[in-house]
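Let me begin by presenting the structure, written as structure tokens, before commenting on it.
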Amino acid sequence: MGSGSDVAKNASDIVLTDDNFASIIAAIREVRRSFDDIKSFALHLLAGNVGQAIGLMVGLAFKDQENLSVFPLSPVEVLWVVVVISGPPDMGLGMQDAAPDVLCRLPHNARRGILNFELFVDMAAYWTIIGGICLSSFVLVIWGFGGGDLGAGGYNDSREGCETVFRARATCFASEMVDMGRSVFWMHPRTETPYMQWMKDLWANQVLFWSVVIGFVATFPIVYIPVVNDKVFLHAPINWEWAIVFIGTLVFLVLV
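Sequential numbering of the sequence shown, starting at 404, is according to our numbering.
The following block contains the structure:
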């Protein structure tokens, strides 16, 4: 105890400065909460980045009439997704409250780190689904509705002659909003309202809530403001393609 003698304090492993045994329970709860939040942060960050990298690597196979690769996302789009759409939710996930069952679990094996087999399996599933949905949206616009027209040169510089590619790229970019969908997962499955708990969770974490809302809202002006869309982000405004985006989002939520 904190009120004990100096000899007793030096010989002890734990000193309770407030003389309250409940402090041990509170400390264990906080440490387990921090561990869970770090795991959520790592899963969100790595799954999104690897899923995006998979999409870009597969994009090397898309060749235009001049045998140049046509990437599903432009460099500025990639930067926006990483910094704005993915980054703030990552920080929000690091501020989650403790799960209701956090003190009911068995002690964590100290020899098992955060990047364990279970986390790698989750990441593999997430990045496969995310990369598949984003690539599918690009492919559907190009080959499903655009006749496979990839244009000829200039697809990274000018919208002229590359309208289909620019619209497909905007669709793929909008599909990255699915990345924010990963932020609203209910990480604590033991609840009386499993289908509504994610709403309570999202609202309880204001950093996560506003990062998701701002990232979602900011996507629309980027897609539709002239010059910003086709000169900076190298994509074009879309209309019916939003159906592909929202169907992909529903597929993602169902699969995970």
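Note that the Cβ used here is the ideal one computed from N, Cα and C, for glycine as well.
Proximal residues to residue i (C-beta, below 8 angstroms), its chain only, five neighbours per side dropped
i: Ala607; result: Asp500
i: Leu522; result: Lys442, Ala445, Leu446
i: Gly551; result: Ile545
i: Ile417; result: Ile427
i: Arg432; result: Ala501, Val505, Leu506
i: Tyr627; result: Pro640
Nearest-angstrom Cα separation, counted from residue j out to residue i
i: Val505; j: Ile441; result: 14 angstroms
i: Gly557; j: Leu459; result: Legend: pLDDT at Gly557 = 49, less than 50; position of this residue unreliable, value from coordinates given subsequently. So the two alpha carbons sit approximately 18 angstroms from each other.
i: Val453; j: Asp422; result: 48 angstroms
i: Ser415; j: Val461; result: 58 angstroms
i: Glu579; j: Val410; result: 60 angstroms
i: Phe548; j: Leu448; result: 33 angstroms
i: Asp525; j: Ala646; result: 27 angstroms
i: Cys575; j: Ala429; result: 45 angstroms
i: Cys537; j: Gly497; result: 26 angstroms
i: Leu530; j: Val485; result: The question names Leu, yet the displayed sequence has Trp at residue 530. Near 14 angstroms, if we compare the C-alpha coordinates of Val485 and Trp530.
i: Ser540; j: Glu480; result: 15 angstroms
i: Thr622; j: Gln468; result: 30 angstroms
i: Arg514; j: Leu482; result: 36 angstroms
i: Gly535; j: Asn413; result: 58 angstroms
i: Val616; j: Asn632; result: 21 angstroms
i: Leu656; j: Pro624; result: 25 angstroms
i: Ala456; j: Phe424; result: 49 angstroms
i: Trp589; j: Leu471; result: Because Trp589 carries a pLDDT of 49, less than 50, the predicted location of this residue cannot be relied on, and the following value inherits that uncertainty. Each residue's alpha carbon lies about 43 angstroms from the other.
i: Val487; j: Pro510; result: 36 angstroms
i: Leu653; j: Gln609; result: 24 angstroms
i: Ala527; j: Phe520; result: 10 angstroms
Which of helix, strand or coil DSSP assigns to residue i
i: Ser539; result: helix
i: Ser415; result: coil
i: Ser472; result: strand
Beta-carbon proximity list for residue i, same chain, < 7 angstroms, skipping 5 on both sides
i: Arg570; result: Val544, Ala639, Ile641, Glu644
i: Pro491; result: Ser614, Gly618
i: Val630; result: none
i: Leu658; result: Ile532
Best match in the options for proximity to residue i [C-alpha to C-alpha]
i: Asn512; options: Phe424, Val620, Phe438, Asn423; result: Phe438
i: Met494; options: Leu637, Arg432, Leu611, Trp483; result: Leu611
i: Thr567; options: Val631, Val473, Leu496, Ala527; result: Val473
i: Val542; options: Val626, Lys466, Phe424; result: Lys466
i: Arg436; options: Ala621, Val630, Cys507; result: Cys507
i: Pro478; options: Thr652, Leu637, Glu433; result: Leu637
i: Ala464; options: Val434, Leu653, Leu553, Cys565; result: Leu553
i: Cys565; options: Lys634, Gly651, Ile650, Gln609; result: Lys634
i: Phe649; options: Gln609, Val434, Ala577; result: Ala577
Rounded distance between the beta-carbons of residue j and residue i, thought under 8 angstroms
i: Ile517; j: Gly451; result: Contact flag wrong, Cβ pair sits at about 17 angstroms.
i: Pro475; j: Arg572; result: 6 angstroms
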